[in-house]
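Worksheet: one structure, shown below.
In mature numbering (1 follows the signal peptide of the UniProt record, and there is no 0), the protein residues as written are -21 to -1, 1 to 461.
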């Protein structure tokens, strides 16, 4: 009889190192966690014979310090320049073509670096092998690094003439003065220019570990088969130290002692219009998770063209908002850099536009407070529409997994699974509390975009009211001031 336990032990020793499959609350979505800590998500959808594969790592600009700002972006580029299976960029490209990959990409954001492509279902194993080699065993060749630096430097320096990038940099520098580099995924050209292979290998060792990563596979697949393949291919990836054992930075919710005002001449805006936006610090998912649900419901409520928010702004003749299609307000979920903004396009910018921007800021708290005074039925209607929109996104495996990856990055998978239930608990009192906590008596950032011709004629007005002109020289945190 002792023979059977021996057989059992032998069998266990030869099983892949992973836990059993677990179906999630989302239909046809399965979650696994390997013993090395790697999260694996599989979405089964047999509508077309294709498979979407994505690998995500929890790092990006939020893990930067000034001396590494831009290196996570550079590292992302190097992932396509050769690995243990494909010795150079040309071999990587050939392999992708042979797998039938039409498009592939990687991206570096504030909270995540991810890599993805879609392959024919018959190429599932080859696709997993490709990403395994790219993520775990990049060559990080010194000559390739020198070449790729020039590509990344071109991107960074191109931002110096991109109005959208300039404005975004200026806003981040103002709202997160203690560490604006943690919102700058592009990074510093000086840092990138001096980058070394040693620095990139440190990033790899610290952040590119299975317990800080996830694999997302979806489409024409069998979950158990994906489970088996991922276990065999990624199971030997060695667990690393927790990159966040000491926590993450908590940015101030009150970066200003008084409101801050920025104005930027913008050639693409009509001389007949100006854009006014007011930005407040808002919930951080890492620290204020309950408030994120309220923020989402409130944002949806503000998008109602027939609601109090839009109508109050349009009906105010002094503001000069043409109609409800010219106003907006909302909050995108973020791990540690939550922002709530509200804005409008106004007409006749040559007529007191600077003063109207200040007036907009002063009026906004009362407008938002009124917008929060709604009936429970209106909250539930917003919840229902949010839930319906999520169902639409989840119709494709790639859509579902991209959404899940977003939540896995800035919160966790459980947040995604319980999202509909949690937002259904939001009450009108919660909306009122949100306005009191994040809007009332807070000092926001006010930005105005105007046509350069208009700005020249109204510059004195902006100067008198304390606006600072945004330029490429003062927007980016790493550029020396003139």
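C-beta atoms are modelled at their ideal positions from N, C-alpha and C, and glycine is treated no differently.
Run of the alpha helix (DSSP H) containing residue i, from where it starts to where it stops
i, result
"residue 411", "407 to 417"
"residue 197", "Per DSSP, residue 197 belongs to no alpha helix (DSSP H); it is in the beta strand (DSSP E), 192 to 198."
"residue 80", "Per DSSP, residue 80 belongs to no alpha helix (DSSP H) and is neither H nor E."
"residue 202", "202 to 213"
"residue 58", "Where residue 58 is concerned, there is no enclosing alpha helix (DSSP H), given that its DSSP letter is neither H nor E."
"residue 361", "355 to 372"
"residue 10", "Note, residue 10: premise wrong, no alpha helix (DSSP H); beta strand (DSSP E) at 8 to 12."
"residue 426", "Counting along the chain, residue 426 falls outside any alpha helix (DSSP H), though it belongs to the beta strand (DSSP E) covering 424 to 429."
Rounded C-alpha distance that separates residue i from residue j
i, j, result
"residue 220", "residue 67", "30 Å"
"residue 306", "residue 245", "19 Å"
"residue 321", "residue 175", "42 Å"
"residue 287", "residue 378", "33 Å"
"residue 145", "residue 439", "22 Å"
"residue 192", "residue 370", "26 Å"
"residue 453", "residue 152", "9 Å"
"residue 441", "residue 383", "44 Å"
"residue 205", "residue 37", "22 Å"
"residue 290", "residue 47", "46 Å"
"residue 2", "residue 11", "9 Å"
"residue 319", "residue 262", "8 Å"
"residue 411", "residue 339", "20 Å"
"residue -8", "residue 189", "Residue confidence is low: residue -8 scores 37 on pLDDT, short of 50, so the model does not pin down where it sits. Its coordinate-derived value is still stated next. Computed Cα separation, rounded: 21 Å."
"residue -17", "residue 84", "Caution applies to residue -17, whose pLDDT of 36 falls short of 50 and renders its modelled position unreliable; the value that the coordinates give is listed next. About 49 Å."
"residue 43", "residue 458", "17 Å"
"residue 234", "residue 416", "15 Å"
CA nearest to the CA of residue i, picked from the options
i, options, result
"residue 172", "132, 198, 149, 203", "132"
"residue 7", "141, 199, 275", "199"
"residue 358", "208, 250, 281, 165", "281"
"residue 350", "24, 437, 234, 278", "278"
"residue 423", "169, 202, 154", "154"
"residue 420", "452, 348, 95", "348"
"residue 431", "3, 254, 222", "254"
"residue 186", "50, 381, 271", "50"
"residue 161", "228, 181, 169, 128", "228"
"residue 41", "86, 159, 285", "159"
"residue 292", "447, 324, 381", "324"
"residue 20", "167, 395, 169, 433", "395"
"residue 55", "263, 76, 48, 86", "86"
"residue 45", "142, 168, 242", "168"
"residue 344", "326, 258, 37", "258"
"residue 247", "149, 84, 143, 297", "143"
"residue 25", "76, 447, 196, 114", "196"
"residue 313", "268, 95, 264, 283", "264"
"residue 183", "39, 404, 391, 303", "39"
"residue 4", "399, 427, 426, 428", "399"
Continuous beta strand (DSSP E) stretch holding residue i: start and end
i, result
"residue 160", "Careful: residue 160 lies outside any beta strand (DSSP E) and carries neither H nor E."
"residue 304", "Unbroken run through residue 304: none, as it is neither H nor E."
"residue 93", "92 to 99"
"residue 255", "252 to 260"
"residue 299", "First-last for residue 299: undefined, no H or E at that position."
"residue 33", "29 to 36"
"residue 323", "318 to 326"
"residue 243", "239 to 244"
"residue 22", "18 to 23"
For residue j and residue i, believed in contact at Cβ under 8 Å, the rounded distance
i, j, result
"residue 88", "residue 32", "19 Å between Cβ atoms; not a contact."
"residue 98", "residue 78", "5 Å"
"residue 365", "residue 402", "6 Å"
"residue 308", "residue 15", "Contact flag wrong, Cβ pair sits at about 43 Å."
"residue 436", "residue 329", "6 Å"
"residue 96", "residue 80", "5 Å"
"residue 433", "residue 236", "So it is not a contact: roughly 30 Å between Cβ atoms."
"residue 260", "residue 299", "So it is not a contact: roughly 28 Å between Cβ atoms."
Sequence-distant residues of its chain with Cβ nearer than 8 Å to residue i (five each side left out)
i, result
"residue 123", "57, 60, 61, 67, 68"
"residue 27", "198, 199"
"residue 413", "270, 273, 274, 277, 351"
"residue 140", "451"
"residue 121", "176"
Residues near residue i by beta carbon distance below 7 Å, same chain, minus five either side
i, result
"residue 126", "none"
"residue 444", "240, 333, 334, 337"
"residue -20", "Any reading at residue -20 needs caution, since the residue's pLDDT is 33, under 50, leaving its predicted position unreliable; the model's value is listed next. If we look at residue -20 and ignore the five residues flanking it on each side, it has no Cβ neighbours."
"residue 385", "none"
"residue 23", "7, 200, 202"
"residue 194", "17, 19, 34, 209, 213"
Sequence-distant residues of its chain with Cβ nearer than 6 Å to residue i (five each side left out)
i, result
"residue 103", "30"
"residue 65", "71, 74"
"residue 353", "407"
"residue 53", "131, 171, 174"
"residue 231", "none"
"residue 455", "148"
"residue 447", "241"
"residue 362", "402, 403"
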